[in-house]
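In the working numbering, the protein residues as written are 1066 to 1367.
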């Protein structure tokens, strides 16, 4: 495989430090904005209309309803134990960003609690609430944290699909079951009509988290780890008219930067930059040839 491209005119250290510092402050600002946006979705749309989503946020909503206490208190209290339990497992940066996001999320929910809901129609509340909450959570996840520690994990340390272990799949199934139980409890407590709106809000929030984490760019960088690289390359060239490129080394890559080490070790890794609408076709081509291939995606650096 060709070596990563290295710039012939390296950026001076002072400029790198200035850019790094600016980006760090911008990331913290976006984490704070994500916490505020999530609190708006929760307190001004979902919670007043008795719409529950999954995870710790859903459990907090149920406890706030049963105890008539503010949901912001439960958001922080229920998440803190998971943060301490995961402190030695994940990176310190992840814990710090998570704590910052949760503090903003909880305080925002407490401050917004006395305000009346912006809409009272449950369907509109589910749509706008899921949109705001999902985008808020997605922003925090994108920059290295989370607002719901029931699904805790450091996005920057997740391996490609082919190395997902059976243990991780088991955890995902348990989380899915817990979310199903939470949504069922919402139906029992608030009625099955509200449960339907809760499912709608949950699905919208889930999609918004994915969109915010991946970014809004129409392009995707794709690394394919396969033992049948020649067949995959021929098929992609024939059906998508794409040629494999060169993986450029970047300073702030997340999944791709992590995967770069594997790419150097595994022969036959391929790199493409495709439109987001071509992702389904690309994955279909790869899976048809090699069902066990690893596929890692990331937005291009701007």
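Positions of the beta carbon are idealized from the N, C-alpha and C atoms, including for glycine.
These numbers come from a predicted model, not from an experiment.
{"Item": "Cα-Cα separation, residue 1130 to residue 1090", "Value": "37 Å"}
{"Item": "Given 8 Å, three or more beta-carbon pairs between the region 1161-1178 and the region 1093-1109", "Value": "yes"}
{"Item": "Closest Cα partner of residue 1241 within the set 1118, 1113, 1095", "Value": "1118"}
{"Item": "Opening and closing residue of the alpha helix (DSSP H) in which residue 1354 lies", "Value": "1344-1354"}
{"Item": "Stretch-stretch touch, CB-based, cutoff 8 Å, three pairs: the region 1191-1208 with the region 1259-1277", "Value": "yes"}
{"Item": "Residue range of the alpha helix (DSSP H) that includes residue 1142", "Value": "1136-1150"}
{"Item": "Bridge-paired residues (DSSP) for residue 1200", "Value": "Looking at the DSSP assignment, residue 1200 forms no beta bridge with any residue, so it has no partner."}
{"Item": "Straight-line Cα distance separating residue 1291 from residue 1168", "Value": "42 Å"}
{"Item": "Distance between residue 1191 and residue 1265 (C-alpha atoms, nearest Å)", "Value": "6 Å"}
{"Item": "3-residue-minimum beta strand (DSSP E) runs that sit fully inside the region 1265-1306, ordered along the chain", "Value": "1284-1290"}
{"Item": "Residue 1132 in three-state terms, based on DSSP", "Value": "helix"}
{"Item": "Cβ neighbour criterion (16 or more within 10 Å) applied to residue 1107", "Value": "buried"}
{"Item": "Supposed close pair residue 1208, residue 1095 - CB separation, criterion 8 Å", "Value": "6 Å"}
{"Item": "Nearest residue (CA-CA) to residue 1260, options 1087, 1112, 1116", "Value": "1116"}
{"Item": "Buried/exposed call for residue 1306, threshold 16 Cβ in 10 Å", "Value": "exposed"}
{"Item": "For residue 1339, the first and last residue of its enclosing beta strand (DSSP E)", "Value": "1335-1340"}
{"Item": "Backbone secondary structure at residue 1239 - three-state DSSP", "Value": "helix"}
{"Item": "Nearest candidate by alpha-carbon position, reference residue 1140, set 1294, 1125, 1247, 1359", "Value": "1125"}
{"Item": "Contacts around residue 1298, its chain only, beta-carbon distance under 7 Å, and the 5 residues preceding and following it disregarded", "Value": "1309, 1335"}
{"Item": "Of the residues 1159, 1296, 1337, the one placed nearest residue 1352, counting alpha carbons only", "Value": "1296"}
{"Item": "Beta-carbon contacts of residue 1149 that lie in its chain and below 6 Å, excluding the five residues immediately before and after", "Value": "none"}
{"Item": "Residues of its chain near residue 1278, where Cβ-Cβ distance is below 6 Å and the 5 sequence neighbours each way are ignored", "Value": "1203, 1206, 1207"}
{"Item": "Cα-Cα separation between residue 1109 and residue 1189, rounded to whole angstroms", "Value": "12 Å"}
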